[in-house]
Structure formats: structure tokens, C-alpha cells
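Trainee: Encoded as C-alpha cells, here's the structure I'll be asking about.
Okay, here's the thing in C-alpha cells:
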């Protein structure tokens, strides 16, 4: 009996831990072959590959991001070979099981909840007695009817075999994200989240987890992401794991965690700020909303003051990047309330701010009580909301415009100095900047065309010109500085028109070759010759004192010039600035 465990990942760099647990648990009784694809792969290519493997059974791991494409694959497979047993599992099909079995006739079986033991027992019955009534946690068809067996008891996670010891994974470890879990379940009851449905938190064996991490690093894993819903629910456990990772990490490895910030103790952060190497850890923190009434309605306990303390302490430590999440569309959070939430969280200047939209996930309390807040939402995955009693569809579209430019202009950190100045000195609030720019972006049709880096600068400058903003020449200078400071090599064609004519630039270069100390000791020490200064430097005019800005953060009007030197050996840029009287 040929068995395949398959899934469609959102991106190539992702891996699926679920099918690896299925394979590990089924061995040695059954040899399960893994087959991973992406939702961008053509359905025909996926089907061709799966059919070529001559399977008897294919199990698909299903999520909101892949269910639509997965069903297309399954329907085609069943047309080609109806004898292949199709098994669906995963969070997307664990709820509304009868509806799934009714609507997708090609599902022969649905594994409900934790799948390791159920899938293995199903394989045992398919290989022998076909007594599906024996398999707890299974929905199946018999004599034209859909039957559902009671769910099984929770597994003892300490007994699960490792999902990481497969030779076929080793060549890909350095190129893809490795997901690892040290616990299952969540102590909280947020009504928009599937994790709220499972009561309690269960842990895997700590020493086995450590051995897995050692194995993964030894074999080249670079990005290891913990999928625990609240990694720091136990302070002692989190400290132990942090210490282990600090002590035994290999160069180039990054560990990512989902943490609950308002329960993180200051002494834990102080420990990390002192002991953790820069860049080793990355935190993902779900804020979702700062509206107390909204949080109460979704049974979300959150102390925003303590959350701010944690985020600020971590940021001040300078060791750990933080990714903060917001959800637009939660109960009784209208457009203006969400604006406040956005500004509250942006004030902390997280390295990334992810603006998402509420999804009415199957099985969640919020979906079951959708009528209470007059929710309308997509019938198909990802079940994103289209409106409710306080947030119209037009409001949602406006917030989506914010999301678009936030991703391009803040999360990618292409022009930090410029954005900081705009959100603090030019626009009333950060949200106002992103909203006005996002609406302009949509009006110009830029959301429907591609862009190069230079386009992003040109479009922002065009927007600012349309607003008739004061001191726009100084803002343009900040944009030039942002652009140049991120380059590894001298750009062939910057996004602006050159400040100096060729003759004037040559005159300044000749002066600097004769008097390099004019740009300071560091520039003088470069000892650039004429060929190097022409080939590897860029000279531009500014209307403010760049040195003062870099030291004090203040823009003071003053005619200056800056020279950027792009070191071809280190691929780094050095910027020197002085008065124009050279």
C-alpha cells in the first residue's frame, strides 16, 4: 500500500510539520512518502506528480490558505483514479465536518483533531479489516451515509517520535523555515482564534526537543520557528529554553517565537538583553486591539501598559527584532477606534507592524456568534470579514490601503528617517500619513502595477508634492539620505535629478582630492585617488545640516552637500557631509 502525506504550503520556504509527525508516527509499520507543493504551483503539475507516484492513499493537510487549491487537486485526482483513498485533515476540516463531507464528495475520510494516531489506525484498517468504526476521531462514508466516530483522547506528547530525522529533509534545511513545537494548546480563550477551543497546555519532552534542535542546527537549519501559541506561558520553561539556545546556537541561526508580551517578566527581558547575541531571537507579539471593550467581547485578557513595557524594554535592548500584529474588524472596533489602536501600537516603533483583517474561522466562538455583531464575511476561505455593525466595507477598504503602504514603507525599512519625520512633524498621526498616502496610492492605480525601489521613492515624493507640504526640499534630502544609506554599490540611476552639473561636480572632486581633510579624518584616511572618487562616490546637495540631524535628530536649514563612498570590497557605504563652501 503506497501512502503519501501531502500539503500545499503558502510559499516554497515554508515546511509543514504536520505531515512529518504523521510520517514519524506511522513508521515503521507504514512507509509514508511526503510530498509538499505550494498554492502557486499549477494544479495540473501537482496532480501529475502525485499520480506518477502510484499511491493507494493520499492524506492532505488542510488550512485556510490552501483548502481551495487542495480541493481542486483532490477533485482532479478522483476523476483520474477513483480508487485512490483521499484523507483530509488539519484545522480547516476539523470543524463543520458533516458540511465538508457533504460538500466535497471526493473526501473519503476526514481526520478530526490531532491526527497522528488516527491516521495510523486508518492506514491499519485500509491495509486489513476496513472496520472504520474502530478508528476514533474519523469521519467516513458507509453505504451512502456519513458517519463520525467520537474523538480520541489527547496524545501524550512526550511519547511522540521526532518529525525531524528524515534524510530527504536535510538538503533543504538551510533554505527553508523549520517549524518546531514544544507545546500544544493555549491558556487563553480569544474567541477569534482556533487555539481557544483546546483546553489546557501540554508539553513535549524538553530533552527530546533540545536534541532535535541540535540535530537541525548540525544539519544546516538557519531559521527555526517555534509554533507554540504562547511560548512564555511558563517563565521557568522559557528561561531554560532561552539559555539553551544562547549556549548552543550555531552562527547564522535565528529562532522565532510567539510570545504574550504582557505576562513577560522584566527579569526575563533583562536576562535576554544581557545574554542574547544580537539577531539570535525574533519575537512575534499579537496585540490585535488596544480597545478594552473590544478585548472584553472576545474574551481576550491584555494589560496594554505591561505589553508596552515589554516591547519597549526589548527594543531598548537592541538585541531582538519584534513583529507586532493588529486585527481590524474585531467586535465594536470602528474605523476611529482602530485608528487609535494603530497609533497606540505604532508609537512603540516595532520593527514590523502587521495589519491583518479578522477571519471568521470555522469552530471559533466569534463565528458562532457572528449575528450578534452583524458580521458579513466571505463564504470561502479565508472567511475574511466584509463588514459588521460598526465597520462598513468602505472602512475596510480604506484600512486595506493603510496596510498596503505600511508594508512597503515601514516594514521593509527602506526610508526610516523620512517616515519618522513625516509621522511626527508633518501629519497629525502615523495613521493619517499611511491612510492619506494609501488612498493616493490607490487613486493613482499603483496597487495594480509593479514597482522597483526607485519607484517607491518617486511615488512618495509625488504624493508629498500633491499635499503642498512645507520644507519639502528638506524631506527630499532625507529621502536621498535614506536611499543612499541602504545601497551596497553606487546606484547607476538614482530616483532624483542630479544636484550638480558635471563641471561643478568635477570642480568639487578636484578640491577634495587636494584637500581631503575638508570632509574629516575618516574621509582623508580613505586616500582615494581620482579614478576611485569618480567611480565609487556620489555627490549630492542638501538643504539641511546632515551631521546635526544624525547626531541630534534635528533638521536645521543649511546649504550642505554629502558625499557617499561605496566601498567595493566591503560593499558598505560611508557618508560624509560638510558645508557647501568647499
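In the working numbering, the protein residues as written are 178 to 759.
All residues carry an ideal CB built from backbone N, CA and C; glycine is no exception.
Since residue 658 is in the alpha helix (DSSP H), which residue starts that stretch and which ends it?
Mentor: 649-662 is the extent of the alpha helix (DSSP H) around residue 658.
Trainee: What first and last residue would you give for the alpha helix (DSSP H) that runs through residue 225?
Mentor: 220-229 is the extent of the alpha helix (DSSP H) around residue 225.
Trainee: Could you tell me the distance, in whole angstroms, from the CA atom of residue 301 to the CA atom of residue 307?
Mentor: Their backbone Cα atoms lie some 8 Å apart in a straight line.
Trainee: Rounding to the nearest angstrom, what Cα-Cα distance links residue 640 and residue 532 in this structure?
Mentor: If you take the alpha carbons of residue 640 and residue 532, they lie about 22 Å apart.
Trainee: Are there 16 or more other CB atoms within 10 angstroms of the CB of residue 286, so buried, or fewer, so exposed?
Mentor: Buried, because 16 or more other Cβ atoms sit within 10 Å of the Cβ of residue 286.
Trainee: Using the Cβ count rule (16 or more neighbours within 10 Å means buried), how would you classify residue 463?
Mentor: Under this definition residue 463 is a buried residue.
Trainee: Decide if the segment 568-585 is in contact with the segment 397-414; the criterion is three or more beta carbon pairs, one per stretch, under 8 Å apart.
Mentor: In short, these stretches do not touch, since the Cβ pair count stays below three.
Trainee: For residue 561, write down the residues that DSSP places opposite it in a beta bridge.
Mentor: According to DSSP, residue 561 bridges with 536.
Trainee: Quick check on DSSP: helix, strand or coil for residue 343?
Mentor: Looking at residue 343 - three-state DSSP - the assignment turns out to be coil, as it is neither helix nor strand.
Trainee: Output the boundary residues of the beta strand (DSSP E) element that contains residue 583.
Mentor: First-last for residue 583: 570-583, but that is the alpha helix (DSSP H), not the beta strand (DSSP E).
Trainee: Going by C-alpha to C-alpha distance, which of 475, 388, 328 sits closest to residue 357?
Mentor: The option with the nearest alpha carbon to residue 357 is 388.
Trainee: Our contact map puts residue 167 next to residue 554 with C-beta atoms below 8 Å; I'd like the distance itself, whole angstroms only.
Mentor: Outside the displayed span of the chain (178 to 759) sits residue 167, for which this structure offers no information.
Trainee: Spell out a yes or no on whether the segment 392-405 and the segment 495-506 are touching, meaning 3 or more CB-CB pairs, one atom from each, closer than 8 Å.
Mentor: The segment 392-405 vs the segment 495-506: no contact.
Trainee: Between which two residues does the beta strand (DSSP E) carrying residue 263 extend?
Mentor: Here the beta strand (DSSP E) through residue 263 covers 262-266.
Trainee: Identify which residue in 743, 604, 559, 334 has its Cα closest to the Cα of residue 187.
Mentor: The shortest C-alpha separation from residue 187 is found at 559.
Trainee: For residue 355, which residues in the same chain have their Cβ closer than 8 Å to its Cβ, ignoring the five residues on either side in sequence?
Mentor: 192, 341, 393, 398, 400, 401, 402.
Trainee: Under 8 Å: do the segment 671-679 and the segment 712-719 share three or more Cβ pairs, one atom per stretch?
Mentor: These segments touch.
Trainee: With H, G and I counted as helix, E and B as strand and the rest as coil, what does DSSP make of residue 182?
Mentor: In this structure, residue 182 counts as strand in the three-state DSSP scheme.
Trainee: Can you tell me whether residue 124 is buried or exposed, with buried defined as 16 or more other CB within 10 angstroms of its CB?
Mentor: Residue 124 lies beyond the range of the chain shown here (178 to 759); nothing can be said about it.
Trainee: Opposite residue 503 in the DSSP bridges: which residues?
Mentor: Answer is 465, 532.
Trainee: Excluding sequence positions up to five away, which residues of its chain have a Cβ less than 6 Å from the Cβ of residue 747?
Mentor: Cβ neighbours of residue 747 beyond the five flanking positions: none.
Trainee: Given a cut-off of 8 Å on the beta-carbon distance, is the pair residue 413 and residue 385 in contact?
Mentor: Taking 8 Å as the Cβ cut-off, residue 413 and residue 385 do not qualify as a contacting pair.
Trainee: Spatial neighbours of residue 470 within its chain, please: CB distance less than 8 Å, with the 5 preceding and 5 following residues excluded, ordered by chain position.
Mentor: Once the five neighbours on either side are set aside, the close Cβ partners of residue 470 are 509.
Trainee: For residue 376, name the three-state secondary structure that DSSP assigns.
Mentor: Here residue 376 sits in coil by DSSP.
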